[in-house]
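Working notes, beginning with the structure itself.
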Amino acid sequence: MIDRERTENLYKEDLRKKIKKLKEKKNAVIIVHNYQRDEIQEIADYLGDSLELARAAVDTTADIIVFCGVHFMAESASILNPSKMVLLPVKEAGCPLADMITVQKLRQKKQEFPDAAVVCYVNSSAEVKAESDVSCTSSNAIEVVRSIKNKRIIFVPDKNLGMYVQKEVPEKKIILWEGFCSTHIRLTEEDVITAKNNWPKAEFIAHPECDPLVLKLADHVCSTAGMFRYSKTSNTKEFIIGTESGMLYRLKRENPGKKFYMPTTHLVCANMKLTTLGWVAHSLENLVYEVKVPDDVREKARVTLERMLSITGKNKPKT
Ligand code: 13P
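Residue numbers (my numbering): 51 to 369.
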């Protein structure tokens, strides 16, 4: 591990050149989530939130998609575009939240509430998506839930996002799942109060995966892509960022006259940070690690994801 990091520091430029060459030779595209390391964001062909990246995966004409994110994201890309080879550079890059639900447990819940529709957050496995009616991301969860005819909705697996949606869509009855993001949950009410005291002119922008007590203190709640849009258009010059720390790189780069602060040093997603330039080069060179979903699961999960895309439409969400 230490050797690998040292090698990367010494040969970053070489690695970037190597990646560029391999990418051209193999007709590959590099899709990167906003939480990735700075060095990975720098080599992105597409950089964005879960929804933007799902759309990029659908639209690409490349033969190979190198997905720099976590497993469920690469899996969604493969479901939406099965003719492409989708590679996850580090096979261990998972999502603890996605692992907080199984198909078996979801089936039990469906039996308990047979009249309810199932909305699954995109942070879930292909099997769970296949068992759900429609998917959502943090940027379109409200819109998706509003669009559903059923009064009752089983919302899985993030309870904080579910509670946030319930507040915004009171006409529905949301049945929550006991899942949470192990990174966002580390941000406490006290952290935010201290940060607000330290930077009194700053607005606090939070991701809906945060605890409700944290969200209560937020000036604006939105997805990671929403944070870029909001900070760019707001007249405010300082922001406290309530999500994963990888966001700071692009927020600072795109807003040179503005200041961005993290309310705690604890907002680091270890899984997102596993991907390095070395692993991307390795992935392209050896065409590893391919993410594929068995046909029967893929077909059902594709319907769930495509329903979400059709509800949100081609327009960029406002939040
Ligand atoms: P976004 O869709 O806002 O990028 O969030 C993705 C995610 O996994 C948050 O933990």
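Glycine residues also receive a C-beta, built at the ideal position from the N, C-alpha and C atoms.
*What number of angstroms, rounded off, separates the C-alpha of L355 from the C-alpha of K342?*
Translated into positions along the sequence shown, residue 355 becomes position 305. Translated into positions along the sequence shown, residue 342 becomes position 292. If I take the Cα positions, the gap works out to 16 Å.
*Neighbour-count burial assignment, H234, 16 or more Cβ in a 10 Å radius*: Within the sequence shown, the letter at position 184 stands for residue 234. So H234 ends up on the buried side.
*Selection from E193, E63, Y280 and I225 that minimises the alpha carbon distance to H270*: Residue numbering aside, residue 270 sits at position 220 when the sequence shown is read from its first letter. Measuring from the Cα of H270, the nearest candidate turns out to be Y280.
*asked:* Given 7 Å as the limit, tell me if S175 has its C-beta closer than that to any heavy atom belonging to ligand 1.
replied: Here residue 175 refers to the residue found at position 125 of the sequence shown. Set against 7 Å, the gap from the CB of S175 to the closest heavy atom of ligand 1 is not smaller.
*Within the chosen definition, does the segment 205-213 reach the segment 251-259 through at least 3 CB pairs nearer than 8 Å?*
When Cβ pairs closer than 8 Å are counted between the two stretches, the segment 205-213 is seen to touch the segment 251-259, the count reaching three or more.
*Limits of the unbroken beta strand (DSSP E) element including M135*: Sequence index remark: in the sequence shown, residue 135 carries index 85 (1-based). Boundaries of the beta strand (DSSP E) around M135: M135 to L137.
*Can you tell me the Cβ-Cβ gap for V194 and V184, rounded? I've got them flagged as a contact below 8 Å.*
Sequence index remark: in the sequence shown, residue 194 carries index 144 (1-based). Sequence index remark: in the sequence shown, residue 184 carries index 134 (1-based). Your pair V194 and V184 checks out as a contact, with CB atoms roughly 6 Å apart and the cut at 8 Å.
*asked:* Run through the DSSP bridge pairs and tell me what H83 is partnered with.
replied: Against the sequence shown, residue 83 aligns to sequence position 33. In DSSP, H83 forms a bridge with G98.
*beta strand (DSSP E) runs contained entirely in the segment 198-235, provided each spans 3 or more residues*: Within the segment 198-235, the complete beta strand (DSSP E) runs of at least 3 residues are 202-206 and 223-226.
*Determine which residues share a DSSP beta bridge with I291 and list them.*
Sequence index remark: in the sequence shown, residue 291 carries index 241 (1-based). Per DSSP, I255.
*DSSP on K309, reduced to helix/strand/coil?*
Along the sequence shown, read from residue 1 onward, the residue named residue 309 stands at position 259. Of the three classes helix, strand and coil, the one that applies to K309 here is strand, per DSSP.
*Tell me whether I114 sits in a helix, a strand or coil according to DSSP, three-state version.*
On the sequence shown, residue 114 is found 64 positions in, with the first residue counted as 1. Strand, per DSSP.
*To the nearest angstrom, report how far apart P367 and N190 are at their CA atoms.*
Start at 1 with the first residue of the sequence shown, and residue 367 comes out as number 317. Start at 1 with the first residue of the sequence shown, and residue 190 comes out as number 140. Unreliable positioning characterises P367 in this predicted model, as indicated by a pLDDT of 43, which lies under 50. A coordinate reading is not provided.
*What's the gap between the Cα of S232 and the Cα of A320?*
Numbered from its first residue, the sequence shown carries residue 232 at position 182. Numbered from its first residue, the sequence shown carries residue 320 at position 270. Their Cα atoms are separated by approximately 10 Å.
*Between E181 and N131, what straight-line distance do the alpha-carbon atoms span, to the nearest angstrom?*
Counting from 1 along the sequence shown, the entry for residue 181 is found at position 131. Counting from 1 along the sequence shown, the entry for residue 131 is found at position 81. Approximately 19 Å between the Cα atoms of the pair.
*Can you grab the Cα-Cα spacing for the pair P164 / P146, in whole Å?*
Taking the sequence shown and counting its residues from 1, the one referred to as residue 164 is at position 114. Taking the sequence shown and counting its residues from 1, the one referred to as residue 146 is at position 96. Cα to Cα, the separation comes out at about 28 Å.
*What are the boundary residues of the beta strand (DSSP E) that A275 is part of?*
Position 225 of the sequence shown, counting from 1, holds the residue named residue 275. Judged by DSSP secondary structure, A275 falls outside any beta strand (DSSP E) and instead within the alpha helix (DSSP H) spanning T274 to T283.
_For V353, the three-state DSSP class (helix, strand or coil)_ = For the purposes of this step, residue 353 is identified with residue 303 of the sequence shown, where counting begins at 1. In the three-state reduction of the DSSP assignment, V353 falls in the helix class.
_Starting from V338, trace the alpha helix (DSSP H) in both directions and tell me its first and last residue._
Walking along the sequence shown from the start, residue 338 turns up at place 288. Note, V338: premise wrong, no alpha helix (DSSP H); not H, not E.
*Cβ of T315 within 7 Å of any heavy atom in ligand 1?*
The residue labelled residue 315 in the question sits at position 265 within the sequence shown. Because no heavy atom of ligand 1 lies under 7 Å away, the Cβ of T315 does not count as near it: no.
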